[in-house]
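**Q**
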Amino acid sequence: FYFVFAIIFFWELFPEWIFPLLTGFSIICLTAPNNAAVSRVFGGSNGNEGLGLLSICFDWQYIASGANPMAIPLKAQFSNFLGYILCMVVFVVVYYNNIWKAQNFPFLSQLLFYENGTQYDQTLILNSNYEVDPTLLAEQGLPYYASTFVVYLLSSNMAIAATFTHLLLWNWDDLRSAWSWMTLSSIKQTWANFDWKVWQDDGMREQDISDEEIDPHYKQMLKYPDTPNSWYFLVFLLSFIVALVVIYKSDSTLPWWGFIISLLLATISILFFGALSAITGLGVNIQTFIQMIGGYLHRGMPVANMYFVLYSYNTVGQAQLLLGDLKIAQYAKLPPRAAFTAQIIGTLLGAILNFFMMNSIIDNQREILLSVQGTNIWSGQQPQQYNSQAIAWGGLSHELFSAGQRYQWVLWACVVGLFVPIPFWVTHRYWPKLRADYLYTPIIVYVLGY
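Going by our numbering, the letters in the sequence shown line up with residues 1214 to 1663, in that order.
1) Should Ser1369 and Phe1502 be called a contact, given that it needs their Cβ atoms to be closer than 8 Å?
2) To which residues does DSSP link Gln1332 through a beta bridge?
3) Are the segment 1321-1339 and the segment 1251-1270 touching by the rule of at least three beta carbon pairs closer than 8 Å?
4) In whole angstroms, give me the CA-to-CA distance for Leu1349 and Asp1334.
5) With the cut-off set at 8 Å, would you say Val1345 and Leu1624 are in Cβ contact?
6) So, at 7 Å on beta carbons, what are the nonlocal neighbours of Pro1228 in its own chain, with the 5 sequence-adjacent residues on each side left out?
7) Return the CA-CA distance between Val1575 and Leu1435, expressed in angstroms with no decimal places.
8) Measuring CB to CB, does Ala1456 end up less than 8 Å from Phe1472?
9) In this structure, how does DSSP classify Phe1216 when only helix, strand and coil are distinguished?
10) Taking DSSP as the reference, what is the three-state secondary structure of Phe1232?
11) What does Tyr1309 pair with, by DSSP beta-bridge criteria?
12) Give the straight-line distance between the Cα atoms of Gln1543 and Ser1252, rounded to the nearest whole angstrom.
13) Just to confirm my understanding: we take Pro1475, look at its own chain, exclude 5 residues before and 5 after, and list those with CB closer than 6 Å. What are they?
14) Kindly indicate which three-state DSSP category Phe1238 falls into: helix, strand or coil?
15) If we count Cβ pairs, one from each stretch, closer than 8 Å, do we get three or more for the segment 1423-1437 versus the segment 1546-1565?
16) Going by beta-carbon coordinates alone, are Ala1667 and Pro1655 separated by less than 8 Å?
17) Of all the alpha helix (DSSP H) runs that stay within the bounds of the segment 1519-1595, which reach a length of 4 or more residues?
18) Measuring only the C-alpha atoms, how far is Tyr1343 from Val1629?
19) Look up Val1345 in the DSSP assignment and say whether it is helix, strand or coil.
20) Given Met1519, which residues of its chain have a CB within under 6 Å of its CB, disregarding the five upstream and five downstream residues?
21) Roughly how many whole angstroms lie between the Cα atoms of Leu1583 and Ser1423?
22) Just to confirm my understanding: we take Val1363, look at its own chain, exclude 5 residues before and 5 after, and list those with CB closer than 7 Å. What are they?
23) From Gln1533, Thr1361 and Ile1240, pick the residue whose C-alpha is nearest to that of Ile1481; which is it?
24) In terms of residues, what are the limits of the alpha helix (DSSP H) holding Pro1636?
25) On the DSSP letters alone, give me the boundaries of the alpha helix (DSSP H) that Val1497 sits inside.
26) Would Val1529 pass as a contact of Tyr1659 if the rule is Cβ separation under 8 Å?
27) From the DSSP secondary-structure annotation, give me the bridge partner or partners of Tyr1358.
28) By the three-class DSSP mapping on this structure, what secondary structure does Ile1285 have?
29) Tell me which same chain residues have a C-beta within less than 8 Å of the C-beta of Ser1239, skipping the five on either side of it?
30) Mind checking who Ile1269 pairs with in its DSSP beta bridge?
31) For Tyr1357, count neighbouring C-beta atoms within 10 Å of its own C-beta (all shown protein chains included) and say buried if the count is 16 or more, exposed if not.
32) For Gly1507, which residues from the same chain have a beta carbon less than 8 Å from its beta carbon, with the 5 sequence-adjacent residues on both sides left out?
33) State the DSSP-derived secondary structure class of Leu1613, mapped to helix, strand or coil.
34) Using the rule of at least 16 other Cβ atoms within 10 Å of the residue's Cβ for burial, across every protein chain shown, is Gly1593 buried or exposed?
35) For a quick check, are the C-beta atoms of Leu1495 and Ile1285 less than 8 Å apart?
36) Which class does Leu1380 belong to by DSSP, given the choice of helix, strand or coil?
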């Protein structure tokens, strides 16, 4: 361990400090450094530079940061790789066929643009309440997305819909077991045996440890008292109250009922997308889908859309991190109550630390974060797309994405995605030797626009 640690420590000095070129190395780009077409396909060390075909990375932090290939099943890796290949083909075809006026805008970007390719000034269409003003919008015109980002929006919605169908077809028994507590008989039994004196709950679970179907790691955890549900209920209640205070004191423009809907969406989403992440080790970003729903619920209100996404999409992400930590705690045989306490402390400290780090990064890297391309270290892709989608979905959902509008297929992709997994499921059911089970359609479709 110490030998490997020493090697990693000294090696990381090279790509991170001494020789940053090692984070993304493309021989083809070096032979044609001023060729934009080559950079679009083979570049990729900088954010939004290119697709990175045949590029080599020598920094394990970048290789394993998104999805560690050492921890992902072969089936999922195959689907991921197939999605990448399709992504490169689709992006190049869309751009060089000038679909959605692609060549007016950067090859890769998350920003909004005027038709002539200059960056869209969203402040010119918002009134003093940060709502879209129809008169101002008519003066500025509707914004455009880079066409490759439209493909991302389209593939994201398609992947989200495909996730529901895929899991219902391939993992119906698992889902039925996960939701068994919602049956009428289970609810009646829970309430009949509910002990209101939650503080007296010792947390010990009564299960037959001789049952061979119980996970061996879980058996070892039965000797520890479980975390009482009341602890989770208390955290939820406090968080709910704080969130409502923030919504109304910060002039978020998000009504209380919109906040509740965002939480209900998160509750439903965590089952399906948490299951997909647990099975494949990969995930699907549901931000576009959530912003779409928020956009149609709160039309013309970009700020409300941002808060809607915050309390829905981020809740799902936090829940997945929580579940992942609990799984690690189980493997490490850490008592559940200790794991819960560590998570709460870490969350509180992390919120404070991240706040100061965020301000420091924004103050020192502001120009880079606002640029289209960024660098090989810093990129504003995530905040840029969060902002641009808030304007597009939150302010202009009907004008841009509804039936008959410029980007209508982003919305129709949800319908198409529901049917994508069906042919592969039928193929595997009747011709199993074709190994259609190696194709996780939600992953393929999502990475297609990634």
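Heads up, the beta-carbon is just placed ideally off N, CA and C, and yes, glycines get one too.
**A** So, to answer that:
1) Within the sequence shown, residue 1369 is the residue found at index 156, counting from 1. Within the sequence shown, residue 1502 is the residue found at index 289, counting from 1. Contact flag set, yes.
2) Position 119 of the sequence shown, counted from the first residue, corresponds to residue 1332. Phe1326.
3) yes
4) By one-based count along the sequence shown, residue 1349 stands at place 136. By one-based count along the sequence shown, residue 1334 stands at place 121. When rounded, the distance between both Cα atoms is 11 Å.
5) On the sequence shown, residue 1345 is found 132 positions in, with the first residue counted as 1. On the sequence shown, residue 1624 is found 411 positions in, with the first residue counted as 1. No.
6) Position 15 of the sequence shown holds residue 1228. Around Pro1228: Leu1235, Thr1236, Phe1271 and Asp1272.
7) Sequence index remark: in the sequence shown, residue 1575 carries index 362 (1-based). Sequence index remark: in the sequence shown, residue 1435 carries index 222 (1-based). In the sequence under discussion, the amino acid at residue 1575 is Ile, which differs from the Val named in the question. Approximately 46 Å between the Cα atoms of the pair.
8) Counting from 1 along the sequence shown, the entry for residue 1456 is found at position 243. Counting from 1 along the sequence shown, the entry for residue 1472 is found at position 259. Their beta carbons are under 8 Å apart, which means Ala1456 touches Phe1472 by this criterion.
9) Counting from one through the sequence shown, the residue named residue 1216 turns up at place 3. DSSP places Phe1216 in helix when its eight states are reduced to three.
10) Locating residue 1232 in the sequence shown gives position 19, counting from the first residue. Of the three classes helix, strand and coil, the one that applies to Phe1232 here is coil, per DSSP.
11) The sequence position of residue 1309 within the sequence shown is 96, counting from 1. In the DSSP output, where bridge partners are listed per residue, Tyr1309 has none listed.
12) For the purposes of this step, residue 1543 is identified with residue 330 of the sequence shown, where counting begins at 1. For the purposes of this step, residue 1252 is identified with residue 39 of the sequence shown, where counting begins at 1. Using only the alpha carbons, I get a separation of about 46 Å.
13) Translated into the one-based positions of the sequence shown, residue 1475 becomes position 262. Here residue 1475 turns out to be Ser, not Pro, going by the sequence shown. The residues are Phe1521, Tyr1524 and Ser1525.
14) What you label residue 1238 is simply residue 25 of the sequence shown in a count that begins at 1. Strand.
15) yes
16) Past the boundaries of the shown model lies residue 1667; the chain is included only from 1214 to 1663, so the question cannot be answered.
17) 1549-1583
18) Along the sequence shown, read from residue 1 onward, the residue named residue 1343 stands at position 130. Along the sequence shown, read from residue 1 onward, the residue named residue 1629 stands at position 416. Roughly 34 Å between the two C-alpha positions.
19) Along the sequence shown, read from residue 1 onward, the residue named residue 1345 stands at position 132. Three-state result, Val1345: strand.
20) Here residue 1519 corresponds to residue number 306 of the sequence shown, with the count starting at 1. Closer than 6 Å at the Cβ level, and outside the excluded window around Met1519, lie Ala1603.
21) Translated into the one-based positions of the sequence shown, residue 1583 becomes position 370. Translated into the one-based positions of the sequence shown, residue 1423 becomes position 210. Leu1583 and Ser1423: Cα-Cα distance of roughly 59 Å.
22) Residue numbering aside, residue 1363 sits at position 150 when the sequence shown is read from its first letter. The answer, listed in chain order, is Trp1313, Tyr1620 and Val1623.
23) Taking the sequence shown and counting its residues from 1, the one referred to as residue 1481 is at position 268. Cα-wise, what sits closest to Ile1481 is Gln1533.
24) Taking the first residue of the sequence shown as position 1, residue 1636 is located at position 423. Looking at the DSSP string, the run of the alpha helix (DSSP H) that includes Pro1636 is Pro1634 to Tyr1643.
25) Taking the sequence shown and counting its residues from 1, the one referred to as residue 1497 is at position 284. Val1497 -> no alpha helix (DSSP H), and no H or E assigned at all.
26) Reading the sequence shown from its first residue, position 316 is the one you call residue 1529. Reading the sequence shown from its first residue, position 446 is the one you call residue 1659. For Val1529 and Tyr1659, no; Cβs fall outside 8 Å.
27) In the sequence shown, residue 1358 corresponds to position 145, counting from 1. DSSP output for Tyr1358 lists Leu1325 as bridge partner(s).
28) Position 72 of the sequence shown, counted from the start, is the residue given in the question as residue 1285. It is coil, neither helix nor strand.
29) Taking the sequence shown and counting its residues from 1, the one referred to as residue 1239 is at position 26. Excluding positions up to five away in sequence, the list reads Phe1255, Gly1256, Gly1257, Ser1258, Gly1265, Leu1267, Ser1268 and Ile1269.
30) By one-based count along the sequence shown, residue 1269 stands at place 56. Looking at the DSSP assignment, Ile1269 forms a beta bridge with Phe1238.
31) Here the question's residue 1357 lines up with position 144 in the sequence shown. By the neighbour-count rule (16 or more Cβ atoms within 10 Å), Tyr1357 is buried.
32) Against the sequence shown, residue 1507 aligns to sequence position 294. Excluding residues within five positions, the ones whose Cβ falls inside 8 Å are Gly1471, Ser1475, Ala1517, Asn1518, Phe1521, Val1522, Ser1525, Trp1606 and Gly1607.
33) On the sequence shown, residue 1613 is found 400 positions in, with the first residue counted as 1. Three-state DSSP puts Leu1613 in a helix.
34) By one-based count along the sequence shown, residue 1593 stands at place 380. Buried, since its Cβ has 16 or more Cβ neighbours within 10 Å.
35) The residue given as residue 1495 occupies position 282 in the sequence shown. The residue given as residue 1285 occupies position 72 in the sequence shown. Cβ atoms of Leu1495 and Ile1285: closer than 8 Å.
36) Within the sequence shown, residue 1380 is the residue found at index 167, counting from 1. Leu1380 falls in the helix class under three-state DSSP.
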